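S.K.:
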Amino acid sequence: MDYKECILKKVNRLLAAYRGGLLGGEKMPEHENPGLDRGSKENYLYFTLPMALNYQRNSYVLWECANRLYRDRPEVFDCGHALRMPETELRDVLVEYKVALQSNKQPVIWRTLCATFEERFGGDVRSFFAAMDHHIDAVKAYISQNKRAFPYLGGEKICNYWLYVMEQYTDAAFADREHITVAPDTHVIQASERLGVITSEEAKRSDVQRLTAERWEELLAGTEYVPIDIHTPMWLWSRGKFQVRVED
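Note that our numbering has the sequence shown beginning at 188, numbered continuously upward.
#1: Rounding to the nearest angstrom, what Cα-Cα distance links I415 and N291 in this structure?
#2: Given a threshold of 16 other Cβ atoms within 10 Å of its Cβ, counted over all protein chains shown, does K214 qualify as buried or as exposed?
#3: Which same chain residues, not among the five before or five after C346, have their C-beta less than 7 Å away from its C-beta?
#4: Enumerate, from N- to C-terminal direction, the unbroken beta strand (DSSP E) stretches of 3 or more residues contained entirely within the stretch 208-290.
#5: Whose C-alpha, out of G267, P294, I296 and E274, is nearest the C-alpha of R307?
#6: Can you grab the Cα-Cα spacing for the pair L423 / M272, in whole Å?
#7: So, with DSSP's three-state summary, where would you put K334?
#8: Taking a contact to mean a Cβ-Cβ separation below 7 Å, would you say P294 touches A287 in this structure?
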């Protein structure tokens, strides 16, 4: 059995464990949401704006806070309204609900994204995807060319995970979903090392996120899977401290 066959055998076992509910539950952080219509403008914005503040913190807590904020102050998620609010008021609301933990930086990120979508796409994430003809490659290219307009959302890890969440929780249908790579956060990197996709030495490299994403793209090319299909199983497996054995 060659290297690729060996990895794919483990992947199949991991996916079987995931489908069987053996990886410590299937509830992901984004399950915490107000249950908006999947195709609505509001739903797309709900799963976009908090995503850009999802770094160096507990994702479950972030989305619990975002859900409470939406329940009490849904207008904060409307780009036009958020831009009309005094900056101090927007900051105070985001901090009060603990959606923003960094009072100086994170409200600016929220406001910048609102300005990007409002001024370029009528305040509607759906219009952004439509302008890109619903192609992942075009979305990524546009964000890469306009990084300052998409603070943090344009990062390699979070951009792919955001697009995955869009696919899972809205009615977004992308023409080339195979280009949504794994979102290599700590859990995915640890799981990739455990599966033998990267070595322990590679896991310490400064470019480990890029390397992990590329390695998965290469491994799954020509198979029935696309990289993002294995993100959640790997994330849950690592979070559950690898209690389910999928290795030989």
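Every residue gets a Cβ at the ideal spot worked out from N, C-alpha and C, and that includes glycine. Predicted model, so just to flag it, every value in this text is computed and none were measured.
M.R.: Reading off the structure:
#1: Computed Cα separation, rounded: 33 Å.
#2: Counting C-beta atoms within 10 angstroms of its own C-beta, K214 has fewer than 16 neighbours from the protein chains shown and is therefore classed as exposed.
#3: For C346, the CB contacts under 7 Å within the same chain, skipping 5 residues up- and downstream, are K327, I330 and L340 in chain order.
#4: Qualifying beta strand (DSSP E) stretches: none in this window.
#5: The shortest Cα separation from R307 among G267, P294, I296 and E274 belongs to G267.
#6: L423 and M272 have their C-alpha atoms some 39 Å from each other.
#7: Look at K334 here: in three-state DSSP terms it is helix.
#8: The criterion of a C-beta distance shorter than 7 Å is satisfied by P294 and A287.
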